[in-house]
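Q:
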Amino acid sequence: MFIIECMNGKIIQKYSHFPDENEVLLLPCSYFEVLDKIDQGNGLRTIHIKQIQPPVLLIQPPFSASPLSVETANTVPRHASSTNIDPNVTWNNDQMKSKAEINKNDLDKADGHSEIRFELKSSYDKLVLVGRYWPVPNVNKPNAVVLFVHGSGEHCQRYRHVAHFFNKHQIPCVAYDLRGNGLSGGQRGFMPNMDALLDDLECVIKYIRKDLDFTMPLIIYAHGTGCVNCLAHILQRRKSRPDCQAMILSTPSICLKERPTPLAFFASRVVSSLIPRLPLLISGNYTNEYTDDKEIVEAYRNDLLVHDKWPAQTISLLLEFGKLLETTVVQFPVPVTIQHGVDDNITPIKMIQKWAQERVKGDDVMFKSWPGHRHEIHNDMGREDVFNYVLEWIEKRFKIEQH
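The structure is reproduced here in structure tokens:
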């Protein structure tokens, strides 16, 4: 029998899940230092390990490729994996490769498409942010680039199929796991404050502009609570708006079915101030309320990188921002299309339509409703219609020739 133990004594087994931010994440191509080995007899051996910074930048396959295989002499190999990352691991931004330096060996072929994993350190607190870049082969000067900002509890690899669609139309795509989500560092779902989220977003945009050397129009495609990042940047950083030329807000989760009572707001503030990291279960199991594609529902339920527990501070932050949007006009400085599924039961379309009509302003604002679609319109059956609409919207605004 072979066991690997975390620094705090917890045992890592196949498909282990450790929500605490101090846990270790075992991934393919990760580097670990063996601290000591303990032979406990009866064939049981415990090895204490510590994750360390690798000597080179690691470009690796998607998480689902294969877990880390660990073995010792005279033992059967065991697989160890976890869905969290050690936030103490630091990455040197000098290790990041520019577009010109990307080697063909760095490209992972996923479903026939090229994919590059990258790591950045947030300018807010040096937290590790993990992202994906889907380039368009043999295209030196694309006409546009899309940046995905995912929703609550998920991760950027769930947008791979959307990126592949845009790749077919000569548009490269970038995405990143928000702090506390996916492979990025931090306690699962924890948002310390809005500045942290905005600094993270700016950090990824800087990567697109400087490391990838992309000067073409940048379109931010945000989904669910990911739309909060875009809206907060417009409202809170008016003098330094993000370097993007258009926004797509897909089923923005900026309100609840029922407005929280004053008591709920008060309780949220008290708990978040006293125990900000207290994890709370708020969304339950992923069901067909999100999408009518049963395969995607099943894949989500088996996805080791998703979660449904949110700390009190995060809930309070989102509630307070939603309250702010009720009385604040959002003046979009760039073209924006807001799209929503008519059958969305998570964030009812009537509430979003009312908000868009009363509080959204700008020179180029569109609202697109999708009959028969639910919360994740990019994952519903018939999602190709959604993709084609977004593509046409982008091409018209930036005068891109149809492919």
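Our numbering puts the first residue of the sequence shown at -13, with every later residue one more than the last. All residues carry an ideal CB built from backbone N, CA and C; glycine is no exception.
In the DSSP output, what is Pro297 paired with across the bridge?
A: Pro265
Q: For the segment 215 to 231 against the segment 138 to 148, are there 3 or more C-beta pairs whose distance is under 8 Å?
A: The segment 138 to 148 and the segment 215 to 231 do not touch, with fewer than three beta-carbon pairs separated by less than 8 Å.
Q: Look at Ser236 and Tyr207 and say whether their C-beta atoms are less than 8 Å apart.
A: yes
Q: Taking Leu310 as the reference, which of Met202, Ile240, Arg103, Val122 has the closest Cα?
A: Ile240
Q: What does Thr317 pair with, by DSSP beta-bridge criteria?
A: Sequence check: residue 317 is Gln here, not Thr. Bridge partners of Gln317: Lys347.
Q: What residues are listed by DSSP as bridge partners for Ile206?
A: Leu133, Met233
Q: Can you tell which of Leu169, Trp341, His150, Lys382 has its C-alpha closest to the C-alpha of Asp289?
A: Leu169
Q: Between the segment 125 to 143 and the segment 164 to 179, can you find at least three pairs of beta-carbon atoms closer than 8 Å?
A: Short answer: they touch.
Q: Taking 8 Å as the threshold, find out whether the segment 283 to 303 comes into contact with the segment 319 to 339 through three or more Cβ pairs.
A: no
Q: Less than 8 Å between the CB atoms is what I'm expecting for Val351 and Phe318, so what's the real figure, rounded?
A: The beta carbons of Val351 and Phe318 sit about 6 Å from each other, so the pair counts as a contact at 8 Å.
Q: To which residues of the same chain is Met202 closer than 8 Å at the C-beta, ignoring the five residues directly before and after it?
A: Lys127, Pro128, Asn129, Ala130, Val131
Q: According to DSSP, Ile324 sits in a beta bridge with which residue or residues?
A: Leu235, Phe353
Q: Would you mind reading off the limits of the beta strand (DSSP E) that contains Val160?
A: 159 to 162
Q: Should Val372 and Val346 be called a contact, given that it needs their Cβ atoms to be closer than 8 Å?
A: no
Q: Could you spell out the range, first to last residue, of the alpha helix (DSSP H) harbouring Tyr375?
A: 369 to 383
Q: In the DSSP assignment, what are the bridge partners of Leu106?
A: The partner list for Leu106 (beta bridge, DSSP) reads Leu115.
Q: Quick one: what's Trp120 bridged to in DSSP?
A: Cys159
Q: Report all residues from its chain with a CB closer than 6 Å to the CB of Glu387; omit the five preceding and five following residues, and keep chain order.
A: none
Q: Does DSSP put Val56 in a helix, a strand or coil?
A: Bear in mind that a pLDDT of 32 at Val56, under 50, signals an unreliable position, so the number given afterwards is only what the model happens to contain. In this structure, Val56 counts as strand in the three-state DSSP scheme.
Q: Using a 10 Å radius around the Cβ and a threshold of 16 neighbouring Cβ atoms, would you call Gly117 buried or exposed?
A: buried
Q: I'd like to know whether the C-beta of Gly308 is nearer than 8 Å to at least one C-beta of chain D.
A: Absent here is chain D; the protein component of the structure consists of one chain.
Q: Looking at the structure shown, is Tyr276 part of a helix, part of a strand, or coil, going by DSSP?
A: The answer is coil: DSSP assigns Tyr276 none of H, G, I, E or B.
Q: Below 8 Å between beta carbons: does that hold for Gly172 and Leu113?
A: yes
Q: Excluding sequence positions up to five away, which residues of its chain have a Cβ less than 6 Å from the Cβ of Lys385?
A: Sequence-distant Cβ neighbours of Lys385 in its own chain, meaning closer than 6 Å and more than five residues away, do not exist here.
Q: Please work out which residues of its chain come closer than 6 Å, Cβ to Cβ, to Lys382, disregarding the five sequence neighbours upstream and downstream, and give them in chain order.
A: none
Q: Quick check: the Cα distance between Pro121 and Gln231, rounded to an integer number of angstroms?
A: 19 Å
Q: Helix, strand or coil for Asp366? Go by DSSP, reduced to three states.
A: coil
Q: For Leu303, does the three-state DSSP call read helix, strand or coil?
A: helix
Q: Applying the criterion that 16 or more other CB atoms from any shown protein chain within 10 Å of the CB defines a buried residue, is Ser84 buried or exposed?
A: Because the pLDDT of Ser84 is 34, which lies under 50, any placement of that residue in the model is unreliable, and the number read from its coordinates should be weighed accordingly. That one is exposed.
Q: Measuring straight from C-alpha to C-alpha, what distance separates Met367 and Thr273?
A: 15 Å
Q: Comparing alpha-carbon positions, which option in Asn153, Ala298, Gln222 lies nearest Ser259?
A: Ala298
Q: Hey, how far is the Cα of Glu87 from the Cα of Arg195?
A: Reliability of the predicted coordinates at Glu87 is poor, the pLDDT of 35 falling under 50, and the value obtained from them is presented with this limitation in mind. Approximately 15 Å, taken between the alpha carbons.
Q: Can you have a look at Arg227 and say buried or exposed, based on whether 16 or more other CB atoms are within 10 angstroms of its CB?
A: exposed
Q: Which residues in the same chain have their Cβ closer than 6 Å to the Cβ of Asn89, if we skip the five residues on either side of it in sequence?
A: Legend: pLDDT at Asn89 = 37, less than 50; position of this residue unreliable, no value from coordinates given.
Q: When you compare the CB positions of His106 and Cys159, do they come within less than 8 Å of one another, or not?
A: The residue asked about is misnamed: residue 106 is Leu in this sequence, not His. No. Outside cutoff.
Q: Note down the Cα distance separating Gln339 from His364, rounded to an integer number of angstroms.
A: One Cα belongs to Gln339, the other to His364, and the distance between them is close to 19 Å.
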